[in-house]
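First up is the structure itself, then whatever we jot down about it.
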Amino acid sequence: PLILQVINPNTSEAMTATIAAAARVVAAPGNEILAVCPQEGAPSIEGHFDEAIATLGVLEQVRLGRETGVDGHIIACFGDPGLLAARELATAPVIGIAEAAMHLATLVATRFSVVTTLPRTLVIARHLLHQYGFERHCAGLHAIDLPVLALEDGSGLAQQRVRELCIAARDQDGSGAVVLGCGGMADLARTLTDELGIPVIDGVSAAVKMVEALAALGLRTSKQGDLAYPLAKPLSGRFLGLNQ
Ligand SMILES: NC(=O)NC1=NC(=O)NC1=O
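Per the numbering used here, the sequence shown starts with residue -19, numbered consecutively.
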């Protein structure tokens, strides 16, 4: 059995619970989901500034996970904050939910759309498409224009807007699949897939299965070249805990 560390990079316990539940639904029997979030940081991640803040918490959790001996790390925020830095620290695989969902979307459709939260985070999704090489696969990017934590306010308004934009993406973008662009949407994928008749993909569950696949194949983060452990140097002050 595996221990999979699922990191919610924001500090909202409610979203950590949503993410953990989605991960546990799909985890293989016997595999443990170790859901964590930073003690300090941003309650939600909605732009470049928030991502920079969240990255330190992600790295601290990856460090703790490595010491615990987890078999994989999942960065459960759609910006995949700190992904490559985390891979330097990690021995086990590190997967971001955006890359996971995008990869799976390309396996079931020739074009996919993304439905995310605030319009200002659309540029982050575009950056990831470029970074991962999926620009030509993405037929549309949509934002519900509600803040991330609207997904946890219990009103159902954000969930309704996600559903409307997924339908619009299916009918207007010519997409064969939709990628849900927020960790807090992780509980919506199965229902929307059934209702819309196309794959609606959540990155949390996608990442869980991809880490399980990598573990089963004995594949871990390469420590050759740029993903080798960070060069040892005396990190000071608030970064003391990150010394190797
Ligand atoms: N595009 C997003 O909504 N990203 C996110 N911000 C968070 O705090 N969690 C996410 O998944």
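C-beta: ideal position from N, C-alpha, C; glycine also.
As the structure is a computational prediction, the values presented were derived from the model and not from experiment.
Spatial distance of residue i from residue j (CA atoms)
i	j	result
His169	Leu160	The question names His, but residue 169 in the sequence shown is Ala. Answer to the nearest angstrom: the Cα atoms are 7 angstroms apart.
Leu220	Glu26	27 angstroms
Thr96	Thr171	17 angstroms
Gln204	Asp60	22 angstroms
Gly154	Lys213	51 angstroms
Ile(-17)	Ile13	6 angstroms
Ala157	Val6	20 angstroms
Gly198	Thr48	19 angstroms
Gly134	Ala149	25 angstroms
Ala196	Leu39	25 angstroms
Residue from the options whose Cα sits closest to the Cα of residue i
i	options	result
Ala32	Leu14, Met(-5), Phe114 and Pro(-11)	Pro(-11)
Val50	Ala(-6), Val191 and His107	Val191
Pro210	Val16, Ala196, Arg43 and Pro179	Arg43
Thr228	Leu172, Ala8, Leu69 and Arg100	Here the chain has residues from -19 to 224 only, and residue 228 is not among them.
Ala22	Ala15, Asp30 and Val5	Asp30
Gln19	Glu12, Gly10, Gly37 and His28	Gly37
Glu115	His122, Gly134 and Phe92	Phe92
Ala166	Val128, Gly120 and Ala119	Val128
Arg46	Cys146, Thr201 and Arg218	Thr201
Val94	Asp133, Arg143 and Leu63	Arg143
Ala208	Ser135, Leu64 and Leu121	Leu64
Asp151	Ala119, Lys189 and Ile(-1)	Ala119
Ile(-13)	Gln41, Ile147, Asn11 and Pro(-19)	Gln41
Beta carbon of residue i nearer than 9 angstroms to that of residue j
i	j	result
Val184	Ala66	no
His117	Thr86	yes
Ala15	Ala(-3)	yes
Pro73	Leu222	no
Phe58	Thr(-9)	no
Ile55	Ile75	yes
Leu131	Met(-5)	yes
Ala89	Asp182	no
Counted within 10 angstroms of its Cβ, other Cβ atoms place residue i as buried (16 or more) or exposed
i	result
His83	buried
Leu137	exposed
His53	buried
Glu79	buried
Ala186	buried
His110	exposed
Gln(-15)	buried
Gly113	exposed
Pro179	buried
Gly164	buried
Write down every uninterrupted run of the beta strand (DSSP E) in the stretch 147 to 214 whose length is 3 residues or greater and which is fully enclosed by it, in chain order.
-> 157 to 161 and 180 to 182
Complete runs of the beta strand (DSSP E) confined to the stretch -12 to 31 [at least 3 residues] = 12 to 16
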